[in-house]
Each structure stands twice: as C-alpha cells, then as structure tokens.
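Undergrad:
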Amino acid sequence: MNKDKDVPSPCVRMCCLDEKNICLGCYRTLDEILEWSAYSAQDKARVIARCDTRRKALDKKRKS
23 MNKDKDVPSP CVRMCCLDEK NICLGCYRTL DEILEWSAYS AQDKARVIAR
73 CDTRRKALDK KRKS
C-alpha cells in the first residue's frame with residue numbers, strides 16, 4: 023500500500039466557498055482542494071491541521 027495515499031480527504035460533501043476561497047465544509051482552500059491528490063501524506067496532514075485551525079477561528083468568530 024502506498025503510504026502517500028493513507029490520509030483520507032477531509033471532504034464532507036458540503037462544498038461552498040467563502041469570499042476567501044475556503045470551503046465551509048472541510049475548511050480547505052481552493053488550492054488545497056485542487057492539489058490534494060498530488061500531496062504526500064505529510065503534506066496532507068499539514069493541510070488537515072490548517073483546516074482545524076481555520077475551523078476553530080471561524081467558529082470563534084461566529085460566536086462573537
């Protein structure tokens with residue numbers, strides 16, 4: 023099994039981009055979505071970490 027393919031996509035099939043081209047379903051940028059299949063497992067893990075940070079920041083902003 024190819025280790026670079028072990029990280030599943032964070033896509034939740036709720037695709038809607040905000041004004042900054044960030045998906046409101048998975049919190050990836052448009053570029054991250056388009057490049058996902060070319061990323062290594064390490065790159066994918068970094069993207070998922072950034073998505074979590076974006077989600078937390080947007081959740082905090084919505085609660086304000």
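Each residue of the sequence shown is one higher than the one before, starting from 23 at the first, in our numbering.
Glycine is no exception: its CB is placed at the ideal position from the N, C-alpha and C atoms.
It should be emphasised that the depicted structure is a prediction, and the values quoted were computed from it without experimental measurement.
I need the straight-line Cα distance from VAL29 to ARG68, nearest angstrom please.
TA: 11 Å
Undergrad: Considering only residues of the same chain and omitting the five flanking positions on each side of GLU54, which have a CB-CB separation below 7 Å?
TA: VAL69
Undergrad: Are the Cβ atoms of ARG76 and ILE44 separated by less than 9 Å?
TA: yes
Undergrad: Should CYS37 be labelled buried (16 or more other beta-carbon atoms within 10 Å of its own) or exposed?
TA: exposed
Undergrad: Taking the continuous alpha helix (DSSP H) assigned at LEU56, which residues delimit it?
TA: 52 to 57
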